[in-house]
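The structure appears right after this line, and notes come after that.
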Amino acid sequence: MIGSTTDLLSVKNFCIYTGISILFCYIANATIFGACLTLHGRRVFSRRHTLTCLPVSKSRDDLQAERGACYALICSGEIPTRPSHDQSICEKGPQAALTKVLLLTPVRVVVLLVFAVYLGVAIWGCTRLQQGLDLKNLLLPSSYYYEYLVWSKQYFGNWLIISFVTTVPTEYSSPEALQLLDSNDEVDVMEGTRAIADASPANVFAFAPVFVMVEQYVTILPGTLKTVGFTLAGQWH
Numbered sequence: 001m002i003g004s005t006t007d008l009l010s011v012k013n014f015c016i017y018t019g020i021s022i023l024f025c026y027i028a029n030a031t032i033f034g035a036c037l038t039l040h041g042r043r044v045f046s047r048r049h050t051l052t053c054l055p056v057s058k059s060r061d062d063l064q065a066e067r068g069a070c071y072a073l074i075c076s077g078e079i080p081t082r083p084s085h086d087q088s089i090c091e092k093g094p095q096a097a098l099t100k101v102l103l104l105t106p107v108r109v110v111v112l113l114v115f116a117v118y119l120g121v122a123i124w125g126c127t128r129l130q131q132g133l134d135l136k137n138l139l140l141p142s143s144y145y146y147e148y149l150v151w152s153k154q155y156f157g158n159w160l161i162i163s164f165v166t167t168v169p170t171e172y173s174s175p176e177a178l179q180l181l182d183s184n185d186e187v188d189v190m191e192g193t194r195a196i197a198d199a200s201p202a203n204v205f206a207f208a209p210v211f212v213m214v215e216q217y218v219t220i221l222p223g224t225l226k227t228v229g230f231t232l233a234g235q236w237h
């Protein structure tokens, strides 16, 4: 529930719904699941069939001698005397095979190498992670603002609609010029224009349609630090 303290509404709702779901899963495991295990144990120790719950009078060895292995496998049953008797082949097989395989030196080396590669790719992915959102994906293609965003990005790139005067000729349609700004630059532009508007004696404020989405870049870091702080405080206490 630490994530419910964030300022991002979508993250808050997701964390609340997830927390409530986990709570109901815990309640179900503590009540319904435990009751089902109890009924299963009573069925086993009363020697009843798994599907029909009818009493089974003969053991697997007796039925295999009389009716064959297939019939004995489906219709036999007996009270387990050891924990291994209550486990299927799907439980016994991996438990026996993995313990032997993982103890081999070549397998351990391969596991460590695979984990090292996984860790390296994860670190590399974190360094290459980019922030941003294409606003047109939030709109219907039939919307007029969708076409406006498409044309704006096609002809002007991912730039804010703010006019600046330059004395040096610049080819704004070149790919190099279109890649000059990224999400962090948008945050700097938004905060800079707001600072200029706040310092102005006129009753004005800076606004651009993209500021609505750029605002999330400003709130993500404080919100993340706050939730991580709550988590660390909870672990220490």
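Per UniProt numbering, the sequence shown runs over residues 1 to 237.
Here a beta-carbon is modelled for each residue, glycine too, at the ideal position from N, C-alpha and C.
Supposed contact pair residue j and residue i - C-beta distance, whole angstroms, cut 8 Å
| i | j | result |
| --- | --- | --- |
| G34 | C15 | About 28 Å separates the two Cβ atoms, so there is no contact after all. |
| E78 | R47 | 7 Å |
| A206 | A197 | 4 Å |
Close beta carbons around residue i, own chain, < 8 Å, minus the five adjacent residues each side
| i | result |
| --- | --- |
| T219 | D7 and L8 |
| A199 | none |
| V101 | V107 |
| V204 | A197 |
Sequence-distant residues of its chain with Cβ nearer than 7 Å to residue i (five each side left out)
| i | result |
| --- | --- |
| K136 | Y146, L149 and V150 |
| T18 | none |
| V11 | G3 |
| A233 | none |
| residue 256 | Absent from the model: residue 256. The displayed extent of the chain is 1 to 237, so no value can be given. |
C-alpha gap between residue i and residue j, whole angstroms
| i | j | result |
| --- | --- | --- |
| L225 | V214 | 19 Å |
| V187 | V228 | 23 Å |
| L104 | K153 | 57 Å |
| I20 | A28 | 12 Å |
| L138 | D185 | 22 Å |
| A96 | F24 | 35 Å |
| V117 | T99 | 23 Å |
| G125 | P94 | 33 Å |
| N13 | Y217 | 19 Å |
| A122 | S142 | 39 Å |
| L39 | F45 | 10 Å |
| S174 | V168 | 15 Å |
| L113 | G192 | 48 Å |
| F115 | P201 | 60 Å |
| L37 | V111 | 36 Å |
| A195 | Y26 | 50 Å |
| I22 | K58 | 43 Å |
Proximity of residue i and residue j at Cβ, strictly below 8 Å
| i | j | result |
| --- | --- | --- |
| C53 | R43 | yes |
| F230 | T31 | no |
| R211 | M190 | Checking the sequence shown, residue 211 turns out to be Phe, not Arg. Their beta carbons are under 8 Å apart, which means F211 touches M190 by this criterion. |
Residues near residue i by beta carbon distance below 6 Å, same chain, minus five either side
| i | result |
| --- | --- |
| L133 | M213 |
Exercise. Hey, which unbroken runs of the alpha helix (DSSP H) at 4 residues or more fall wholly within the segment 115–153?
Worked result: none
Exercise. Where are the alpha helix (DSSP H) runs, 4 residues long or more, that stay fully inside the UniProt domain "SSD" (1–39), in chain order?
Worked result: 9–28, all fully within the UniProt domain "SSD" (1–39).
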